[in-house]
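Here's the structure, in structure tokens; my notes come after.
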Amino acid sequence: MSFLGNYFNFGGINSKDFGLKIVSINGNLTDIPSGSNYEYQSVSAIRNPKKLFLGLKESNVLEFSIEIVSEIPVDLPTFLRIKHWLFGNFGYQKLQIESEWYEDFYFNCILKPTEDIKFGGEYFGTRCTVECDSSYAYTFPTTKTYTFDSSIMNPFEFDNLSAEIYGLRPIIEFKLSNSGKDFKILNLKTNRIFEMTNLSPNEIITVDNQNEIITSNTGLNRFKNLSRGKNQGYLSFAHGVNKFECYGYAEYLKITYQFAVRLGGG
């Protein structure tokens, strides 16, 4: 049996170890799942013919079907190990397809079995559904480092290409200088402020803005040091180029991020 297809990595294991390829995605090897649809939220008012737009939300997680096939028959013990690898996981795993379309992205997903593929009583593969944890595929984590001088204000830019409709919320790490105490980032695009006060000189702070987790190399609880209020709180980036002003005596700022991607466009 001969066919076109792509090797893949799932849960840290390469399909080459079993001689398997993905030969069909949504019934066509060249299909690129785009992501689930947006759901528009609106409301109507009495005596007003126009609806009031309230916002958007992702209506469903990304799902698509795939076929995983071997060129030669697979004996039953090996086939059972393959099924345990693909379907026996307790949680989401990274799926990366070795293709020019997909090489820079991965799907965070679970695989749900549909049916076995058999010819002449022998096993050749399986059909299954890919169910992601969100509406998107993701780029692999990248870290940008901005090194600051002794100025009280340091500007920097970040180009946010993420497709997430409510902005990118990265992980940041910054280190105060020996004169540092307060640290503030002003997003000139959104006028939103990230600010932490009453810190210690030379302290290193890490903030997971997506999950709202703050850690310090001092071991102290620093949640109370984050300013909250109107246009204040955890750091987020709007889509496109964001220009920032960074205030406070800091040695560096590291931004670790992943872009959400709608691979089929959008």
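Numbering (the working numbering), first residue to last: 1238 to 1503. We put the beta carbon where it would ideally sit given N, CA and C, even for glycine. Here the structure is a predicted model, which is why all the values come from computation and not from measurement.
Can you tell me whether residue 1290 is buried or exposed, with buried defined as 16 or more other CB within 10 angstroms of its CB?
With a pLDDT of 45 at residue 1290, under the threshold of 50, the modelled position of that residue is not reliable, and no figure is offered here.
Check the DSSP bridge columns for residue 1333 and list the partner residues they point to.
1246
Is the Cβ-Cβ distance between residue 1303 and residue 1347 less than 8 Å?
Judged by beta-carbon spacing, residue 1347 lies beyond the 8 Å limit of residue 1303, meaning their Cβ atoms are not closer than that value.
Same chain only: Cβ atoms within 8 Å of residue 1352, ignoring 5 sequence neighbours per side:
1363, 1364
In the DSSP assignment, the alpha helix (DSSP H) including residue 1499 goes from what residue to what residue?
From DSSP, residue 1499 is part of no alpha helix (DSSP H); its letter is neither H nor E.
Where does residue 1319 sit, in a helix, a strand or coil, going by DSSP?
Correct three-state label for residue 1319: helix.
Name the DSSP beta bridge partners of residue 1444, please?
1409, 1451
Are residue 1306 and residue 1354 closer than 8 Å when you measure CB to CB?
yes
Opposing strand residues paired with residue 1393 [DSSP bridges]
1481
CB residue 1423 to CB residue 1481, shorter than 8 Å?
yes
With respect to 7 Å, is the separation between the Cβ of residue 1411 and the closest non-hydrogen atom of the ligand NAD below this value?
As presented, the structure is devoid of all ligands, the ligand NAD included, so that no description of it is given.
Which parts of the region 1346 to 1389 are runs of the alpha helix (DSSP H), unbroken and 4 residues or longer, counting only runs that do not cross its ends?
none
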